[in-house]
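Chemist: Chains A and B supply the protein sequences, listed in that same order.
Quick note on numbering: the first sequence equals residues 13 to 473 in the numbering used here.
Quick note on numbering: the second sequence equals residues 6 to 261 in the numbering used here.
Ideal Cβ placement from N, Cα and C applies to all residues, glycine included.
Every value quoted in this text rests on a predicted model; they were computed, and no experiment measured them.
Here it is, the structure in full.
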Amino acid sequence: MTTAIQNVESYLESFTEFEKSSSGSNLPWLRRLQEDAFARFCQTGFPTTRDEDWRFTNVSAIARTAFSLAEKGKGRVSDSDLKPWRVEDAAAQLVFVDGQFRGDLSALGTLPASVSILSLKEAIAKNPSALEAHLGRHLDIQRDAFSALNTAFIEDGVFVHVARGATLDQPIHLLFVSTTAGSPRMVHPRNLLIFEKETQATVIEEYISLGGGTVFCNSATELIAGDNAHVSHYMIEREDKDAFNISTLRVQLGRSTNVASHSLLLGGGLVRNNVHPVLAGEGAECLINGLFVGNGKQHLDNYMHVEHASPHCASRQFYNGILDGHAHGVFHGRIVVHKDAQKTDAKQTNRNLLLSDDAQIDTKPQLEIYADDVKCTHGATIGQIEENALFYLRSRGIDEVSARRCLLMAFAGECLDRMKPGAARDHSERLIHEHLLTIANQLPAATPSKGKAPRNWEEVG
Amino acid sequence: MSLLEIKNLHVNVAGHEILKGIDLTINAGEVHSIMGPNGSGKSTLAQVLARREAYQVTDGQILFDGKDLLEMKPEVAACEGVFLAFQYPVEIPGIGNTYFLRSALNAIRKYRGLEEMDAMDFLPMFREKLKLLEMDDKLINRSVNEGFSGGEKKRNEILQMAILEPKLAVLDETDSGLDIDALRIVASGVNSLRSKDRAMLVVTHYQRLLNYIVPDFVHVLVDGRIVRSGGPELALELEDKGYGWIEAEAKAPASV
Ligand SMILES: Nc1ncnc2c1ncn2[C@@H]1O[C@H](COP(=O)(O)OP(=O)(O)OP(=O)(O)O)[C@@H](O)[C@H]1O
Ligand SMILES: [Mg+2]
Numbered sequence: 013m014t015t016a017i018q019n020v021e022s023y024l025e026s027f028t029e030f031e032k033s034s035s036g037s038n039l040p041w042l043r044r045l046q047e048d049a050f051a052r053f054c055q056t057g058f059p060t061t062r063d064e065d066w067r068f069t070n071v072s073a074i075a076r077t078a079f080s081l082a083e084k085g086k087g088r089v090s091d092s093d094l095k096p097w098r099v100e101d102a103a104a105q106l107v108f109v110d111g112q113f114r115g116d117l118s119a120l121g122t123l124p125a126s127v128s129i130l131s132l133k134e135a136i137a138k139n140p141s142a143l144e145a146h147l148g149r150h151l152d153i154q155r156d157a158f159s160a161l162n163t164a165f166i167e168d169g170v171f172v173h174v175a176r177g178a179t180l181d182q183p184i185h186l187l188f189v190s191t192t193a194g195s196p197r198m199v200h201p202r203n204l205l206i207f208e209k210e211t212q213a214t215v216i217e218e219y220i221s222l223g224g225g226t227v228f229c230n231s232a233t234e235l236i237a238g239d240n241a242h243v244s245h246y247m248i249e250r251e252d253k254d255a256f257n258i259s260t261l262r263v264q265l266g267r268s269t270n271v272a273s274h275s276l277l278l279g280g281g282l283v284r285n286n287v288h289p290v291l292a293g294e295g296a297e298c299l300i301n302g303l304f305v306g307n308g309k310q311h312l313d314n315y316m317h318v319e320h321a322s323p324h325c326a327s328r329q330f331y332n333g334i335l336d337g338h339a340h341g342v343f344h345g346r347i348v349v350h351k352d353a354q355k356t357d358a359k360q361t362n363r364n365l366l367l368s369d370d371a372q373i374d375t376k377p378q379l380e381i382y383a384d385d386v387k388c389t390h391g392a393t394i395g396q397i398e399e400n401a402l403f404y405l406r407s408r409g410i411d412e413v414s415a416r417r418c419l420l421m422a423f424a425g426e427c428l429d430r431m432k433p434g435a436a437r438d439h440s441e442r443l444i445h446e447h448l449l450t451i452a453n454q455l456p457a458a459t460p461s462k463g464k465a466p467r468n469w470e471e472v473g
Numbered sequence: 006m007s008l009l010e011i012k013n014l015h016v017n018v019a020g021h022e023i024l025k026g027i028d029l030t031i032n033a034g035e036v037h038s039i040m041g042p043n044g045s046g047k048s049t050l051a052q053v054l055a056r057r058e059a060y061q062v063t064d065g066q067i068l069f070d071g072k073d074l075l076e077m078k079p080e081v082a083a084c085e086g087v088f089l090a091f092q093y094p095v096e097i098p099g100i101g102n103t104y105f106l107r108s109a110l111n112a113i114r115k116y117r118g119l120e121e122m123d124a125m126d127f128l129p130m131f132r133e134k135l136k137l138l139e140m141d142d143k144l145i146n147r148s149v150n151e152g153f154s155g156g157e158k159k160r161n162e163i164l165q166m167a168i169l170e171p172k173l174a175v176l177d178e179t180d181s182g183l184d185i186d187a188l189r190i191v192a193s194g195v196n197s198l199r200s201k202d203r204a205m206l207v208v209t210h211y212q213r214l215l216n217y218i219v220p221d222f223v224h225v226l227v228d229g230r231i232v233r234s235g236g237p238e239l240a241l242e243l244e245d246k247g248y249g250w251i252e253a254e255a256k257a258p259a260s261v
């Protein structure tokens, strides 16, 4: 159920070239991982809409294009270019330009000895044995072509290791910058985040563009959270409207571990956000929270794959979408409850606001339950800005744009409320505020809605 | 100059003519009451005054303070001093009461060339008005009308009016659904806002409210027309006899 890669020669050429120079070339285990992944990718090719997991998202624009790897050291970015994109109060800021770590633009601050943060490239060079047990062990390259492709091209990204019992109060900010692309360019950032038992930390992965062009950013992150760890992960997509962004977050949760994944999709042209937590330890809890805001022709696809592999685990999925113009949003929430995962408590809610008649949302729950004592609920709503509420605000003197922004903010606020107070949430709030102001400004004056009737459904299983 | 002058107002809603030629003049300092059977167009008139766009004015004119009200957007009308206490106040989850009211007040103050009010100055004023309407302090932190009882919503409307200090307050069935204690509180809130610069248009079905808020004029609206106007005694007469006789009179061939 896949398409022939129209540009197989171009990937082959890139891979051959890449293998010669890559840092993994003298590590047999890494080399094998990469070769297997590339072989798998060549076998499957890119998915098509006949593939159930890709029913609503057509990636032929990616499959058709001949991308080449970014040339090293080409992207010109200065410290002052990045000023507006920094997160205040971050524990560490790592900047990657066209996939490559840039020490000169990064600030590692003073970290406790229990925390190590370095580029993956450096980690591969200096301490590969620290990676071997986890790198590529969790991501599913058999099922997912993009993960296979990313794995084939593992080179740089971040490696974070937080030793047992350590706590980081401020977030680690990873900023992935793509610069102007003359010809179509691809990057495959790869991150490995290891949080040992009883740790606490927050990581923000943020993707931005400085200059346009056809860029294909295919990132993958493996996040391993040990027993009793409390980890928050933020994925923030703010690239240009012509960017292709495929990101995959694979989370492994230990016993009584608590992980929150927050996704904010504000930019990008064709975006696929894969979140795949495996609740492997008893009593683990996972919050999967997201907001996607699209206008123009943006396509924002959220594919959740929540695996309950142990008893007494809880997962909560909450995704809110705001779609204007011709934007197309997708929420696909797959929940798999393994045979032994009794007393699973899984919940999924997807709420959407469609601001124009041409905006579209596809929302699809998919429950696969192999245990018998579980509680799974899912529900979705699709509606518009409430004309009554808008008029109420305006009748008190609040101008139309502000009133719309207020209502959008209230809707988005549900996602913000689920984030722990702190720098990462403040950062998210600021971005959402700014973005929704732009959206509110672009909306046409209020017209009596002739749009589709609101729809709601909820099921308990 | 009158504060509000409505002349020959015709309004269509969803293709039906609901108001069929309303003439009404209200001067600053006056309280007018509009009564009438269900569906006669009272709320339609109220919503048009607040400039709801879905209500299409097909003919006529409204001057507010000498300005063309029909040219104004809802927010401009509000800034000019029109306030509508809704028959059915809207719940808006996710927007805090305090934030909402301060934004509204500041929008209006800005329009009038006054300095914006910061949270430090706003809160004490807010609390004071809450006390006036005997409302719970915890409403400060709640979302606009969310989870409020019917009575709380109506009180909240009057609270907003007290804070926004309009020139013309239109109260659309603010008394409906209130028990006698709440009615008394709301009425005293309204009365405390009566002044020579402020006019009120009170829409109600019941004489009950008018015992507390005594109007200067009472108008009866039937099928989109004001069929009778009089003093407060008209409300008592309606209470006594219902609308039947007026409706019958209105339907009878004009003999004027
Ligand atoms: N949005 C609308 N679409 C269609 N018809 C409407 C709409 N709003 C009001 N109407 C109709 O207009 C007429 C007048 O309604 P309005 O609400 O003004 O009456 P009212 O006098 O306030 O009645 P009540 O005493 O029940 O509040 C009614 O027949 C009502 O059905
Ligand atoms: Mg009414």
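(1) Who are the neighbours of G99/B on chain A, taking C-beta pairs under 9 Å?
(2) So is the beta-carbon of Q92/B under 7 Å away from any non-hydrogen atom of ligand 2?
(3) Alpha carbons only, please: which of T56/A, Q46/A and K86/A is nearest the one belonging to A75/A?
(4) According to the Cβ coordinates, are E208/A and A160/A closer than 8 Å?
(5) From the beta carbon of A112/B, is the nearest beta carbon of chain A less than 8 Å away?
(6) Per DSSP, which one or two residues make a beta bridge with S126/A?
(7) Please report the distance separating the alpha-carbon of V20/A from that of F58/A.
(8) Whole angstroms are fine: how far does the CA of G71/B sit from the CA of F88/B?
(9) Tell me whether S195/A counts as near ligand 1, meaning its Cβ is closer than 7 Å to at least one heavy atom of that ligand.
(10) Run through chain B and tell me which residues come within less than 7 Å of I410/A, C-beta to C-beta.
(11) Using DSSP bridges, identify the partner residues of S327/A.
(12) Check the Cβ of R363/A against every Cβ in chain B and list those closer than 8 Å, keeping chain order.
(13) For a cutoff of 8 Å on Cβ pairs, would you count Q212/B as touching chain A?
(14) If S414/A sits next to A55/B, beta carbons under 8 Å apart, how far is it from one beta carbon to the other, in whole angstroms?
(15) For the candidate residues T77/A, G434/A, L277/A and S322/A, whose alpha-carbon lies nearest to that of R250/A?
(16) Compare the C-alpha of V283/A against each of D252/A, L265/A and T269/A and name the closest.
(17) If we cut at 8 Å on Cβ distances, does N332/A have a partner in chain B?
(18) Provide the residue span of the alpha helix (DSSP H) that contains A82/B, from first to last.
(19) Looking at the C-beta of L169/B, does it have a partner C-beta in chain A at a distance below 8 Å?
(20) By alpha-carbon positions, which one of L128/B, E96/B, G249/B and H21/B ends up nearest to D142/B?
(21) Rounded to the nearest angstrom, what separates D239/A and R267/A at their Cα positions?
(22) What does A452/A touch in chain B if you count any residue whose Cβ is under 8 Å from its own?
(23) Say whether chain B places a C-beta atom closer than 8 Å to the C-beta of R442/A.
(24) Beta carbons nearer than 8 Å to chain A: which residues of the region 40-59 of chain B have them?
(25) Note down, in chain order, each residue of its chain lying with its Cβ closer than 6 Å to the Cβ of S126/A, except the 5 sequence neighbours on either side.
(26) Taking a cut of 8 Å between CB atoms, which residues from the region 162-193 of chain B lie near chain A?
(27) Which chain B residues sit within Cβ distance under 7 Å of N400/A?
(28) Could you name the residues of the same chain whose beta carbon sits closer than 8 Å to that of E426/A, not counting the 5 residues immediately before and after it, in chain order?
(29) Out of curiosity, what's the CA-to-CA distance linking L50/B and R147/B?
(30) Have a look at D48/A, A145/A and A103/A and flag the residue whose alpha-carbon is nearest the alpha-carbon of T163/A.
(31) Starting from A272/A, trace the beta strand (DSSP E) in both directions and tell me its first and last residue.
(32) Within 10 angstroms of its Cβ, does N286/A collect 16 or more other Cβ (buried), or is it exposed?
(33) Could you check if E218/A belongs to the surroundings of ligand 2, using beta carbon to heavy atom distance under 7 Å?
(34) When the cut-off is 8 Å and only beta carbons count, does L89/B lie next to chain A?
(35) So which residues touch the region around ligand 1, with touch meaning a C-beta under 5 Å from any heavy atom?
(36) Going along chain A, which residues have a C-beta under 9 Å from A83/B?
Modeler: This is what the structure holds:
(1) As a position in the second sequence, residue 99/B is number 94, starting the count at 1. Correct list: C418, L419, M421, A422, F423, A424, G425, E426 and D429.
(2) Stepping through the second sequence from its first residue, residue 92/B is reached at position 87. At least one heavy atom of ligand 2 is nearer than 7 Å to the Cβ of Q92/B, so yes.
(3) Residue mapping note: residue 75/A aligns to position 63 of the first sequence, counting from 1. When each option's Cα is compared against that of A75/A, the closest is T56/A.
(4) As a working note, residue 208/A is residue 196 in the first sequence. As a working note, residue 160/A is residue 148 in the first sequence. Taking C-beta atoms as the reference points, E208/A and A160/A fail to come closer than 8 Å.
(5) Numbered from its first residue, the second sequence carries residue 112/B at position 107. Among the residues facing chain A, A112/B is included, as its CB has a counterpart in that chain under 8 Å away.
(6) The residue labelled residue 126/A in the question sits at position 114 within the first sequence. In the DSSP output, where bridge partners are listed per residue, S126/A has none listed.
(7) Taking the first residue of the first sequence as position 1, residue 20/A is located at position 8. Taking the first residue of the first sequence as position 1, residue 58/A is located at position 46. C-alpha separation (whole angstroms): 11 Å.
(8) Counted from its first residue, the second sequence places residue 88/B at position 83. Counted from its first residue, the second sequence places residue 71/B at position 66. Pairing F88/B with G71/B, the inter-Cα distance amounts to about 17 Å.
(9) By 1-based counting over the first sequence, the position of residue 195/A is 183. No, since every heavy atom of ligand 1 falls outside the 7 Å radius drawn around the Cβ of S195/A.
(10) Residue numbering aside, residue 410/A sits at position 398 when the first sequence is read from its first letter. Neighbours of I410/A in chain B, taken as residues whose beta carbon is under 7 Å from its own, are E80, S108, A109 and A112 in chain order.
(11) Taking the first sequence and counting its residues from 1, the one referred to as residue 327/A is at position 315. Looking at the DSSP output, S327/A bridges to C298/A and A358/A.
(12) Taking the first residue of the first sequence as 1, we reach residue 363/A at position 351. For R363/A, no chain B residue has a C-beta closer than 8 Å to its own C-beta; the minimum C-beta separation is roughly 11 Å.
(13) Counting from one through the second sequence, the residue named residue 212/B turns up at place 207. Taking a beta-carbon distance threshold of 8 Å, Q212/B does not count as an interface residue toward chain A.
(14) Residue numbering aside, residue 414/A sits at position 402 when the first sequence is read from its first letter. Residue numbering aside, residue 55/B sits at position 50 when the second sequence is read from its first letter. Not confirmed; about 18 Å, so no contact.
(15) Counting from one through the first sequence, the residue named residue 250/A turns up at place 238. Residue nearest to R250/A within the set T77/A, G434/A, L277/A and S322/A is L277/A (criterion: CA-CA distance).
(16) Stepping through the first sequence from its first residue, residue 283/A is reached at position 271. Taking only the C-alpha atoms, the option nearest V283/A is D252/A.
(17) As a first step, residue 332/A is located in the first sequence; it is residue number 320 there, counting from the start. Judged by the 8 Å Cβ criterion, N332/A is not in contact with chain B.
(18) Along the second sequence, read from residue 1 onward, the residue named residue 82/B stands at position 77. A82/B -> alpha helix (DSSP H) spans P79 to E85.
(19) Working through the second sequence from its first residue, we reach residue 169/B at position 164. Interface residue, yes.
(20) Stepping through the second sequence from its first residue, residue 142/B is reached at position 137. The shortest Cα separation from D142/B among L128/B, E96/B, G249/B and H21/B belongs to L128/B.
(21) Residue numbering aside, residue 239/A sits at position 227 when the first sequence is read from its first letter. Residue numbering aside, residue 267/A sits at position 255 when the first sequence is read from its first letter. Roughly 5 Å separates the two Cα atoms.
(22) The count along the first sequence starts at 1 and reaches residue 452/A at position 440. Identification of chain B residues near A452/A by a Cβ-Cβ cut-off of 8 Å yields none; the smallest Cβ-Cβ distance measures about 14 Å.
(23) As a position in the first sequence, residue 442/A is number 430, starting the count at 1. The beta carbon of R442/A does not come within 8 Å of any beta carbon belonging to chain B, so the residue lies off that interface.
(24) A55, R56, R57, E58 and A59: these are the residues of the region 40-59 of chain B whose beta carbon lies less than 8 Å from some beta carbon of chain A, given in chain order.
(25) One-based indexing of the first sequence puts residue 126/A at position 114. Spatial neighbours of S126/A in its own chain (CB-CB distance under 6 Å, excluding positions within 5 residues in sequence) are listed in chain order as A175 and A178.
(26) Listed in sequence order: Q165 and L169.
(27) The residue labelled residue 400/A in the question sits at position 388 within the first sequence. Result: V95.
(28) As a first step, residue 426/A must be located in the first sequence, where it is residue number 414. Within the same chain, F330, N332 and R363 come within 8 Å of E426/A by CB-CB distance, once the 5 residues on both sides are set aside.
(29) Counted from its first residue, the second sequence places residue 50/B at position 45. Counted from its first residue, the second sequence places residue 147/B at position 142. L50/B and R147/B: Cα-Cα distance of roughly 31 Å.
(30) One-based indexing of the first sequence puts residue 163/A at position 151. The shortest C-alpha separation from T163/A is found at D48/A.
(31) For this step, residue 272/A is matched to residue 260 along the first sequence. That run of the beta strand (DSSP E) goes N270 to L277.
(32) As a position in the first sequence, residue 286/A is number 274, starting the count at 1. Burial call: buried.
(33) In the first sequence, the residue the question calls residue 218/A occupies position 206. Shortest gap from the CB of E218/A to any heavy atom of ligand 2: 7 Å or more.
(34) Within the second sequence, residue 89/B is the residue found at index 84, counting from 1. Yes - at least one Cβ of chain A is within 8 Å of the one on L89/B.
(35) Every residue passing the under-5 Å Cβ criterion appears here: V18/B, A19/B, I23/B, N43/B, G44/B, S45/B, G46/B, K47/B, S48/B and T49/B.
(36) On the second sequence, position 78 is the one that residue 83/B refers to. Identification of chain A residues near A83/B by a Cβ-Cβ cut-off of 9 Å yields R406, S407, R408, G409 and I410, ordered along the chain.
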